[in-house]
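In what follows, a structure is listed as structure tokens, so that the remarks can point back to it.
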Amino acid sequence: MGQTVRLTASFKVSGPVPEGLFSTYQEILTGLLEYAVGKGITSFKRLKAGKYQELREKYLDLPSHYLYTACQMACSVYKSFRKLKRRGLVKTEKPTFKRQVVMLDDHLFSLDPESWEASIATEKGRVGLKLLHGTYHEKFRGMKVGQAWLVKTGDGYYLKVVFSKTVETAEQNGKAIAVDVNENNVAFGSTDSIRNVETRERAIRTAYFLKRRRLQSKLRLNEKPLLAKYRGRERRRLEDIYHKVANEIVAEAIEAGASVVVLESIKNIRKRIRYSKALNGRLNRWGFRRFQSILEYKAKVVGLRVVYVDPRGTSSLCPICGEKLSPNGYRRVRCSKCGLEEDRDTVAVRNLLRRYQMYVGASSVHPESLPMKMREEDLAGYGS
Ligand SMILES: [Zn+2]
Numbered sequence: 017m018g019q020t021v022r023l024t025a026s027f028k029v030s031g032p033v034p035e036g037l038f039s040t041y042q043e044i045l046t047g048l049l050e051y052a053v054g055k056g057i058t059s060f061k062r063l064k065a066g067k068y069q070e071l072r073e074k075y076l077d078l079p080s081h082y083l084y085t086a087c088q089m090a091c092s093v094y095k096s097f098r099k100l101k102r103r104g105l106v107k108t109e110k111p112t113f114k115r116q117v118v119m120l121d122d123h124l125f126s127l128d129p130e131s132w133e134a135s136i137a138t139e140k141g142r143v144g145l146k147l148l149h150g151t152y153h154e155k156f157r158g159m160k161v162g163q164a165w166l167v168k169t170g171d172g173y174y175l176k177v178v179f180s181k182t183v184e185t186a187e188q189n190g191k192a193i194a195v196d197v198n199e200n201n202v203a204f205g206s207t208d209s210i211r212n213v214e215t216r217e218r219a220i221r222t223a224y225f226l227k228r229r230r231l232q233s234k235l236r237l238n239e240k241p242l243l244a245k246y247r248g249r250e251r252r253r254l255e256d257i258y259h260k261v262a263n264e265i266v267a268e269a270i271e272a273g274a275s276v277v278v279l280e281s282i283k284n285i286r287k288r289i290r291y292s293k294a295l296n297g298r299l300n301r302w303g304f305r306r307f308q309s310i311l312e313y314k315a316k317v318v319g320l321r322v323v324y325v326d327p328r329g330t331s332s333l334c335p336i337c338g339e340k341l342s343p344n345g346y347r348r349v350r351c352s353k354c355g356l357e358e359d360r361d362t363v364a365v366r367n368l369l370r371r372y373q374m375y376v377g378a379s380s381v382h383p384e385s386l387p388m389k390m391r392e393e394d395l396a397g398y399g400s
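In the working numbering, the protein residues as written are 17 to 400.
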């Protein structure tokens with residue numbers, strides 16, 4: 017059996033970037049959003065049916081697929097706005113889209129994996145752009161190219177591309193590795209052995225947070241690029257850590273002969289954000305999900321399945337008898353019923369494993385991993 021793995025890569029590009037495309041596209045997007053909001057439309061089909069003809073006549077030279085992708089983007093922007101609005105997370109009445117982003121489908125762009133050149137359709141025919149970044153490309157060879165986004169940022173133009181490929185899946189053998197992600201460490205393992213790797217993410221985030229705050233308090237006008245630079249550094253440093261830890265986990269899974277990696281479902285993850293109010297909650301969320309998606313990709317590429325289970329109570333209930341655990345010293349817990357004394361992270365891993373086993377036992381259907389979709393926050397770092 018095979019499964020599809022997806023990877024979104026961001027390449028800096030050089031060449032004759034169709035500069036005017038950004039403002040045209042934004043104009044179209046703004047009009048579409050207004051129309052969608054006015055009529056309460058969130059369906060691509062209805063939006064296209066309502067606006068395509070008018071836009072076609074107005075933008076005669078623009079390849080028609082730009083109108084399709086703009087309809088798609090307008091729908092997803094409006095949908096996520098409505099979701100946030102319902103949760104009371106946005107103050108504005110209407111959604112706006114200020115980022116310099118143009119969405120491309122397979123009619124609007126193609127990629128030559130040999131020369132690493134992208135060809136993009138414009139109002140005046142196709143232009144060729146060179147993708148920079150050296151050897152970074154190698155792992156994308158042989159992968160299928162999906163949709164892409166052309167992004168304009170403070171330091172140049174980027175092409176974000178979704179790659180995918182189908183990989184063989186290992187035979188299900190009931191052996192699993194569970195992963196418990198915390199702010200400063202990641203615990204993982206099977207029932208036989210559980211390891212704990214320090215990531216020190218909190219210390220890194222705090223250091224960068226303070227650095228940025230010091231800069232901001234000086235209130236100088238030209239400080240913005242410097243802030244962005246620090247943010248980039250922080251992100252790269254954390255990414256490095258995520259990759260290293262994910263590699264260790266995958267190696268451990270292979271060594272243990274596991275066929276499944278068990279992760280915590282993100283549905284209840286917002287409760288975890290309590291820990292550092294001083295830091296930006298969104299960044300924390302980004303880190304957690306980012307780590308999971310790196311791990312998910314690395315695991316799937318080598319044929320492991322990835323399963324998400326509900327993490328509620330995994331660090332507060334006894335993995336043996338199910339009783340509520342009490343604190344027992346620094347990061348340790350104790351069960352008053354069966355006497356278990358254990359490290360909190362070990363308990364979490366054991367509970368995740370247990371939950372997975374119950375899940376498999378309870379259903380005759382193979383557990384499917386969550387499909388990985390392009391998420392709004394994947395575009396987040398590319399604001400103006
Ligand atoms: Zn117990």
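Heads up, the beta-carbon is just placed ideally off N, CA and C, and yes, glycines get one too.
**Prompt:** So what does DSSP say about GLU109, is it helix, strand or coil?
**Reply:** coil
**Request:** Just grab the DSSP bridge partners of LEU243 for me.
**Result:** Partner(s): none; LEU243 has no beta bridge.
**Asked** LYS191 to GLY273, Cα distance in whole Å?
**Response** 7 Å
**Item:** For ILE257, three-class secondary structure by DSSP
**Value:** helix
**CB contact check: PHE156 to chain B, cutoff 8 Å** = Structure shown: chain B not included; a single protein chain is present.
**Prompt:** With distances taken between CB atoms, is the gap from LYS107 to CYS87 smaller than 8 Å?
**Reply:** no
**Asked** Based on the DSSP output, what are the partners of MET119 in its beta bridges?
**Response** MET119 pairs with TRP165.
**Item:** Cutoff 7 Å; reference TYR68; Cβ partners in own chain excluding five residues on either side
**Value:** LEU83
**Prompt:** Among ILE193, TYR313, PRO241 and GLU199, which has the Cα closest to the Cα of GLU271?
**Reply:** ILE193
**Message:** Can you tell me whether GLU339 sits near ligand 1, meaning its C-beta is under 7 Å from at least one heavy atom of the ligand?
**Reply:** yes
**Request:** State the Cα-Cα distance for the pair ALA137 and VAL376, rounded to the nearest angstrom.
**Result:** 48 Å
**Prompt:** Do LEU145 and LYS28 come within 8 Å of each other at the CB atom, strictly closer than that value?
**Reply:** no
**Message:** Please tell me whether, using a cut-off of 7 Å, the distance from the CB of ILE336 to the nearest non-hydrogen atom of ligand 1 is below it.
**Reply:** Because some heavy atom of ligand 1 lies under 7 Å away, the Cβ of ILE336 counts as near it: yes.
**Prompt:** What are the boundary residues of the alpha helix (DSSP H) that includes GLN19?
**Reply:** Here GLN19 belongs to no alpha helix (DSSP H); instead the beta strand (DSSP E) covers 18-30.
**Message:** The beta strand (DSSP E) that contains GLU50, what's its start and end?
**Reply:** For GLU50, no beta strand (DSSP E) encloses it; the enclosing alpha helix (DSSP H) starts and ends at 36-55.
**Prompt:** What are the partner residues of GLY141, as DSSP defines its beta bridges?
**Reply:** THR138
**Item:** Bounding residues of the beta strand (DSSP E) (the contiguous stretch that carries LYS181)
**Value:** It spans 172-184 - the beta strand (DSSP E) in which LYS181 sits, taken as one unbroken run.
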